[in-house]
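> Please find one structure pasted underneath; my questions will follow.
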Amino acid sequence: MNSRKSNGVEKWVIFSDIEKAGELADQVALQLRNSNGNLRVVYYKLEEILINYRKNNVDVDLIMPAIYEVDFEFNKTSPDGRSVWIAYADALHEELCNTNGSLHKKVKFENNIKGASLVNHIIDQLNLPPSSALLIGPIAASILGLGVTAFCKHENKNCD
1 MNSRKSNGVE
11 KWVIFSDIEK
21 AGELADQVAL
31 QLRNSNGNLR
41 VVYYKLEEIL
51 INYRKNNVDV
61 DLIMPAIYEV
71 DFEFNKTSPD
81 GRSVWIAYAD
91 ALHEELCNTN
101 GSLHKKVKFE
111 NNIKGASLVN
121 HIIDQLNLPP
131 SSALLIGPIA
141 ASILGLGVTA
151 FCKHENKNCD
């Protein structure tokens with residue numbers, strides 16, 4: 001395990017979880033670019049992850065509001081991946097879309113940023129538990145795949 005500091009509190013993170021989420025972010029970002037920025041790629045991946053979290057008894061309430069539930073019969077999330085993306089986009093908006101935000105600076109000015117680095121930064125930024133890493137992967141992918149400017153335009157439109 002690796003340790004990292006966030007707000008003066010040391011947290012232990014299983015490095016492989018961050019790496020796995022980072023690889024997912026890189027893969028989904030490529031799919032997003034290949035789909036001309038169609039966020040449905042991200043929405044579907046978020047739904048898949050939420051379903052797997054519920055099936056494996058991961059407490060989703062720690063990383064998402066309690067209103068997010070999974071319907072096992074139809075393998076769908078309620079609300080859907082789009083709503084999950086919007087919730088995270090809203091939470092990240094100020095730090096990503098404001099030119100003085102730390103997330104904005106990291107993404108805009110770090111050459112060839114990788115998914116794992118961005119996932120780790122988002123987890124720190126939102127003070128999330130390490131168990132959120134996999135769910136953060138598609139969120140990071142949308143930032144990597146769209147870029148800051150396009151992500152912020154999408155977020156403002158609450159796009160389809």
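Numbered per UniProt numbering, the sequence shown spans residues 1 to 160. Cβ coordinates follow ideal geometry from the N, Cα and C atoms, glycine included. In this text the structure is predicted, and so the values were computed from the model without any measurement.
Among Ala91, Asn100, Asp80, which one has its Cα closest to the Cα of Glu47?
That would be Asp80, whose Cα lies nearest to the Cα of Glu47.
> Starting from Pro130, trace the alpha helix (DSSP H) in both directions and tell me its first and last residue.
Pro130 -> no alpha helix (DSSP H), and no H or E assigned at all.
> Could you give the DSSP three-state label for Ser142: helix, strand or coil?
Helix at Ser142.
> How is Leu39 classed by DSSP in three states: helix, strand or coil?
Looking at Leu39 - three-state DSSP - the assignment turns out to be coil, as it is neither helix nor strand.
> In terms of alpha-carbon separation, which member of Ala91, Cys97, Gln27 lies closest to Val41?
Minimum Cα distance to Val41 is reached at Gln27.
> In chain order, what residues of the same chain lie with their CB nearer than 6 Å to the CB of Asn120, ignoring the 5 residues before and after it?
Around Asn120: Ile18.
> Can you find the residues in the same chain that come closer than 8 Å, C-beta to C-beta, to Ile63, ignoring five residues on each side of it along the sequence?
Result list for Ile63: Leu128, Pro129, Ser131, Ser132, Leu135, in chain order.
> Hey, how far is the Cα of Ala66 from the Cα of Leu92?
Any reading at Ala66 needs caution, since the residue's pLDDT is 39, under 50, leaving its predicted position unreliable; the model's value is listed next. Going from the Cα of Ala66 to the Cα of Leu92 covers about 19 Å.
> Which whole-angstrom value is the C-beta distance of Gln125 and Leu103, which I expect to be below 8 Å?
Contact holds; Cβ gap of about 6 Å.
> Would you report the Cα separation of Glu23 and Gly137, rounded to the nearest angstrom?
One C-alpha to the other measures close to 8 Å.
> At a cut-off of 6 Å, is Lys114 close to the ligand HEM when judged by its beta-carbon and the heavy atoms of the ligand?
The ligand HEM is not part of the structure shown, which contains no ligands of any sort.
> Taking Glu94 as the reference, give the member of Gly115, Ser35, Cys152 with the closest Cα.
Ranking the options by Cα distance to Glu94, first place goes to Cys152.
> Hey, Ala29 and Gly115 are a contact pair by Cβ (cut 8 Å); roughly how many whole angstroms apart?
The Cβ separation is near 7 Å, so the contact holds.
> Distance check for Ile86 and Asn56, CA to CA, integer angstroms please.
About 24 Å.
> Determine the DSSP secondary structure at Ile122, reduced to helix, strand or coil.
Three-state DSSP puts Ile122 in a helix.
> Helix, strand or coil for Val58 per DSSP?
DSSP places Val58 in coil when its eight states are reduced to three.
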